[in-house]
Amino acid sequence: MFYWRWFNRRHHPLTRLLFGVLGAMLLIGVLTLGFFALIAFAFVGAIVALTRALVRTHAQATQQPASARGSPRVIEGEYVVLHKDTATLKH
C-alpha cells in the first residue's frame, strides 16, 4: 500500500551525512544573516535616535521663553459647551 511519509530518510549513510551537513550549513547561514540584519537595524536605530535628540535640543534652544508665551497654567484650545438636559419619565 502506498502512503506518504513526511520524513523520508535516505538509506545510504553518506547521503544522510551529506544532507545533515547541508542542513546545518543552511541553519548557520540563516542565523548569520539574521545576526547581521540585527546589527544593521541597531545601527540605523542609533543614528535615528541621535538625530532626533540633536534636533530636539536644537528646537528647545530656539524656542521663546515661557514668559513670552503666556501663563504656563493656561491651556489654550477650542471647546464646545454641552448642556445637561435630562429626559423626564412619564409614568
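Read in order, the letters of the sequence shown are residues 4 to 94 in the numbering used here. Backbone N, C-alpha and C define an ideal beta-carbon position, used for all residues, glycine too.
Three-state secondary structure (DSSP) of residue 13: Residue 13 falls in the coil class under three-state DSSP.
Which of helix, strand or coil DSSP assigns to residue 61: The answer is helix: DSSP assigns residue 61 an H, G or I state.
Neighbourhood of residue 20 by C-beta, 6 Å cutoff - its chain only, sequence neighbours within 5 removed: If we look at residue 20 and ignore the five residues flanking it on each side, it has no Cβ neighbours.
For residue 46 and residue 33, the rounded distance between their alpha carbons: Whole-angstrom Cα-Cα distance: 20 Å.
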